[in-house]
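So in our numbering, the last one in the sequence shown is 193, and the numbering has no gaps at all. Each remark here refers to the structure printed beneath this line.
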Amino acid sequence: MGRLFNHYVNSYKMNTPEWKEYLEIAGDLYNSPQLQRLSEVEHHFDINRLQHIRSVAYLSYVVSKKFGLDTVEAARGATLHDLVYYDWRENDWSHRPHGFRHPGFAVKNAYLLCGTITKKQKNIIKRHMWPLTPIPPRYPEGLVVTLMDKYCATIEIYYSKSEKFKKRLSKRVGNI
Ligand SMILES: [Fe+2]
Ligand SMILES: [Fe+2]
18 MGRLFNHYVN SYKMNTPEWK EYLEIAGDLY NSPQLQRLSE VEHHFDINRL QHIRSVAYLS
78 YVVSKKFGLD TVEAARGATL HDLVYYDWRE NDWSHRPHGF RHPGFAVKNA YLLCGTITKK
138 QKNIIKRHMW PLTPIPPRYP EGLVVTLMDK YCATIEIYYS KSEKFKKRLS KRVGNI
């Protein structure tokens, strides 16, 4: 768990060899205006959607590499997993209930961004909210992404709610 947390910290530093490898695989997506504009959307309180996606994608890449899984599918699927542009707190029923519906919106936006995506990437995005949505991911890369999504969400909420933890993480990362 300590090692995973170190990787989480590195997702903010963006200076490791693994970060370079990640960018070689998914930099076209990560650096696209569609992704970069998500830095303006709140995701988990003090953490914006781009930060969340970056952490999930980086961790999914690192963990998939460790287990000999398909790092390209994991990194690209994870980078697209929350590609929605609205603030889910807005009182707008066109996107509610967010937890159930946003994977479908993200799939649509992924097609709009990429033209096409692989079957595996589509499944990674569509099933990432499991077990809230009842059908689990079909591929091990999808399981990695859904687990990393929960891990990052937990840290991000804790970071936002605990001044002590915020200081601890900021000390290691600098300004988040
Ligand atoms: Fe999500
Ligand atoms: Fe997510």
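For glycine and all other residues, C-beta sits at the position ideal for the given N, C-alpha and C.
Quick one, what's near ligand 2 if you take every residue whose CB is closer than 5 Å to any heavy atom, in chain order?
-> Here the residues come out as D99 and D166.
Residues near P265 in its chain [Cβ-Cβ closer than 6 Å; skip 5 each side] = The structure shown does not extend to residue 265, since the chain spans only 18 to 193, so no value can be given for it.
Would you kindly check if the distance between the Cβ of H24 and the Cβ of V79 is under 8 Å?
-> In this structure, the beta-carbon distance from V79 to H24 falls below 8 Å.
Could you tell me whether any non-hydrogen atom of ligand 1 is closer than 7 Å to the CB of M146?
-> Yes - ligand 1 has a heavy atom lying nearer than 7 Å to the Cβ of M146.
Do the region 46-56 and the region 26-35 meet, that is, are 3 or more Cβ pairs less than 8 Å apart?
-> Segment contact: the region 46-56 against the region 26-35, fewer than three CB-CB distances shorter than 8 Å; contact not assigned.
Could you check where the beta strand (DSSP E) with H61 kicks off and where it finishes?
-> Counting along the chain, the beta strand (DSSP E) containing H61 begins and ends at E59 to H61.
Cβ of D104 within 8 Å of Cβ of E59?
-> It is a contact, given that the beta carbons lie within the stated cut-off.
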